[in-house]
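S.K.: Below: one structure in structure tokens.
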């Protein structure tokens with residue numbers, strides 16, 4: 057068993073998977089050799105003391121050679137021989153990024169079902185917090201390069217185990233399936249297949265992009281599955297308390313803030329604390345919005361909120377759904393940009409640093425309030441202000 061775990065934790069299976077999908081380091085594409093030959097376990101160790109580096113992907117010339125910043129800052133060139141897999145897994149990797157969360161989760165809230173969205177956001181927040189903290193406690197390095205080709209650099213400053221992309225994909229897809237199974241009429245097998253395909257694509261994308269070992273991905277998916285099983289019996293109770301308890305707004309803000317300020321400390325800067333604060337801030341703002349909506353707008357626990365079957369799709373419905381989405385996303389992005397500027401300006405004035413000072417923005421007393429206030433505002437805006445605007449515009 058230990059030998060199997062050691063193999064799954066090594067970089068070689070990741071390199072082999074990349075080669076099978078047509079991704080090679082420049083100069084190796086014609087050798088046809090095993091990436092393990094001559095590579096050993098040499099190469100740059102990633103995620104263990106590395107500093108955050110920006111990605112620099114070059115244009116793809118006709119010979120298919122691309123380039124990006126390697127683990128030590130050198131230009132790492134690679135060759136793409138199968139563009140179907142390249143674009144499939146690049147797109148799949150984006151399904152675990154902020155741009156997906158900030159569009160998909162509000163879309164569910166605005167257009168499908170509030171109760172489903174609430175459950176997904178709560179599960180997502182819990183799962184991601186546990187995953188991010190686990191990384192900085194376990195401190196397992198990411199795959200080595202060489203032999204692995206690195207397609208992303210931002211997350212290279214983080215540790216690897218578990219894969220939070222795998223955790224989020226598993227949590228979001230299967231929590232959506234579980235939350236809608238008893239509420240809407242659709243073939244369960246179809247929903248199960250869709251959830252499996254979604255999570256599998258995101259998991260495989262982490263191998264293709266060279267960001268995680270096989271064990272990181274398996275561990276992330278299994279942790280999410282266990283958390284879903286443990287939390288499922290308490291879903292309705294948690295949901296009821298979040299909507300009806302008079303202490304909900306206070307606890308929704310105070311508990312995430314305490315967790316963020318007491319995040320595990322590292323000897324170097326890692327974006328995990330900032331990412332965790334972003335997630336918990338968005339969840340906190342959304343939770344306060346859920347509570348306010350239930351108290352003063354429309355109570356969530358009414359029979360009319362439970363529907364059986366999806367509505368008939370018509371041209372008018374499609375137009376309304378798209379209008380809600382684009383109006384909502386515009387307001388959400390505007391809120392995020394506005395709050396970023398306001399909060400950074402206030403913190404810069406308080407702690408005497410220019411807004412463009414990246415090192416100052418990484419300090420605990422700056423990063424946590426900056427990220428938390430910004431994204432809690434985004435969560436509150438998406439759940440309270442945007443629906444009110446939809447109603448004013450006649451889009452409800």
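Residue numbers (this note's numbering): 57 to 452. Backbone N, C-alpha and C fix where the C-beta goes; we use that ideal spot for every residue, glycine too. Being a predicted model, the structure only gives us computed values, none of them experimental.
1. Would you mind sorting residue 147 into buried or exposed? The rule is 16 or more other CB atoms within 10 Å of its CB.
2. Going by CA-CA distance only, name the one from 219, 220, 214 and 248 that's closest to residue 230.
3. Taking only the alpha-carbon atoms, compute the straight-line gap between residue 426 and residue 374 and give it to the nearest angstrom.
4. Are residue 353 and residue 395 touching if we call contact CB-CB under 9 Å?
5. Since residue 222 and residue 262 should fall inside the 8 Å C-beta cutoff, what is the C-beta to C-beta distance between them, to a whole number of angstroms?
6. Counting only runs of 4+ residues fully inside the stretch 155-182, write out the alpha helix (DSSP H) ranges in chain order.
7. What are the partner residues of residue 136, as DSSP defines its beta bridges?
8. Around the C-beta of residue 171, are 16 or more other C-beta atoms found within 10 angstroms, so that it is buried, or is it exposed?
9. Under a Cβ-count criterion, where at least 16 other Cβ atoms within 10 Å of its own Cβ denotes burial, should residue 336 be classed as buried or exposed?
10. Hey, could you find the ends of the alpha helix (DSSP H) residue 216 is sitting in?
11. Kindly indicate the opening and closing residues of the alpha helix (DSSP H) around residue 289.
12. Given a threshold of 16 other Cβ atoms within 10 Å of its Cβ, counted over all protein chains shown, does residue 251 qualify as buried or as exposed?
13. Within this structure, are the beta carbons of residue 424 and residue 345 separated by less than 9 Å?
14. Give the range of the alpha helix (DSSP H) segment to which residue 153 is assigned.
15. Quick one, which of 402, 379, 430 and 78 has its alpha-carbon nearest residue 391's?
16. Is it the case that the Cβ atoms of residue 157 and residue 207 are separated by a distance below 9 Å?
17. What are the boundary residues of the alpha helix (DSSP H) that includes residue 331?
18. For residue 329, which of 214, 447 and 196 has the nearest alpha-carbon?
19. Helix, strand or coil for residue 324? Go by DSSP, reduced to three states.
20. Along the alpha helix (DSSP H) that carries residue 419, what are the first and last residues, could you check?
21. So what's residue 261 in DSSP terms, helix, strand or just coil?
M.R.: Answer, in terms of the structure:
1. exposed
2. 248
3. 37 Å
4. no
5. 6 Å
6. none
7. 79
8. buried
9. buried
10. Neither: residue 216 is in no alpha helix (DSSP H) and is coded neither H nor E.
11. Segment: none, residue 289 is in no alpha helix (DSSP H) and carries neither H nor E.
12. buried
13. no
14. Counting along the chain, residue 153 falls outside any alpha helix (DSSP H), and DSSP gives it neither H nor E.
15. 430
16. no
17. 328-348
18. 214
19. coil
20. Note, residue 419: premise wrong, no alpha helix (DSSP H); not H, not E.
21. helix
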